[in-house]
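Trainee: Below you'll find the structure I mean.
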Amino acid sequence: MSLFKWSNSYASYPNEIYLNILEYIAPTSARLTLERLKTFTNLCLVCRFFGNICLPRVFEHVEFSEFNDITSLAIRGSPTSRGMTLCQHIADKEPLALALAPYVKTCHLKYWFLSQEGSPELRVLSQMYLTAVAQMKNIRELGIFYSNVKIAHWDVITTLESLQELCFDSCNFSENPADLNPAKKVKVPCLKVLRCLWELTIHLRPLTAAFAHTCNGYDE
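Have a look at this one:
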């Protein structure tokens, strides 16, 4: 799928040439290192042609951290992380952001304990992230760490039909998802539950898993 319309200055060469070069720089089978992420981000700025090739790689893996993003907003007054920027543009229904959303393969939500009892700004930001994740239909791995898991999370999780791995680590399940529509169930081939204090049967009712690694409390 083409993300941009571009001039013919670069399109005169077969796309395969550029794809082979980029594959040599950073194989698609591996996650981009920080150095390669910077390289691909800079390539996106060269022209729309390279942006069309590199942007999907830049946003393959995104992370939303309450602590980092709230700090960024407080200090800079604007989003600085890739994930936060993408979510804000998805919330604004910008076409490019909506086109990029299906390319996200891995998503991590971290340190969202404050969103349950926090300020209205925190709750709005949390809802913005969940709304954006719902647009990322091809997420294969979703990790939720040090967070309050609420009904809104389950509503989003059960829409991710491409999900291959779901991990809860050090989470508090503050709301019971048992009343969700049974039709919303999703099969997760790999489910990991680490260092969580909860009633496992009740909270996993919306999910079925071929393989489950569960560990309650704080012993792995």
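For the sequence shown, this note's numbering begins at 1 and goes up steadily by one.
No residue lacks a Cβ here, since even glycine has one placed at the ideal position from N, Cα and C.
All values reported here derive from a predicted model rather than from experimental measurement.
Starting from TYR146, trace the beta strand (DSSP E) both ways and give me its first and last residue.
Mentor: 141 to 149
Trainee: Closest by CA to GLU63, which one among VAL149, LEU22, PHE145?
Mentor: PHE145
Trainee: To the nearest angstrom, how far is it from the Cα of ARG31 to the Cα of HIS61?
Mentor: 8 Å
Trainee: Below 8 Å on the Cβ atoms is my contact criterion, and I expect SER174 with ARG195 to pass it. Report the Cβ-Cβ distance as a whole number of Å.
Mentor: So it is not a contact: roughly 16 Å between Cβ atoms.
Trainee: For PRO27, name the three-state secondary structure that DSSP assigns.
Mentor: Three-state DSSP puts PRO27 in coil, outside helix and strand.
Trainee: For VAL62, which of helix, strand or coil comes out of DSSP?
Mentor: VAL62 falls in the strand class under three-state DSSP.
Trainee: When the Cα atoms are used, what is the spatial distance from ARG57 to PHE40?
Mentor: 8 Å
Trainee: When the distance is taken between beta carbons, is LEU43 closer than 7 Å to CYS54?
Mentor: yes
Trainee: So MET136 and CYS107 are supposed to be a Cβ contact under 8 Å. How far apart are they, rounded?
Mentor: 6 Å
Trainee: Exposed or buried, which one is SER115 when buried takes at least 16 other CB atoms within 10 Å?
Mentor: Below a pLDDT of 50, predicted positions are generally treated as unreliable, and SER115, at 47, falls in that range; the measurement from the model is reported next regardless. Result: buried.
Trainee: With 16 as the cutoff for other CB atoms within 10 Å, does VAL124 come out buried or exposed?
Mentor: exposed
Trainee: Please state the DSSP three-state secondary structure of LEU194.
Mentor: strand
Trainee: Considering only residues of the same chain and omitting the five flanking positions on each side of GLU165, which have a CB-CB separation below 6 Å?
Mentor: GLU141, CYS190
Trainee: Using DSSP's beta-bridge definition, name the partner residues of LEU109.
Mentor: PHE64, ILE144
Trainee: Does the distance from the C-beta atom of ILE90 to that of ALA97 stay below 7 Å?
Mentor: Taking 7 Å as the cut-off, the beta carbon of ILE90 is found closer than this to the beta carbon of ALA97.
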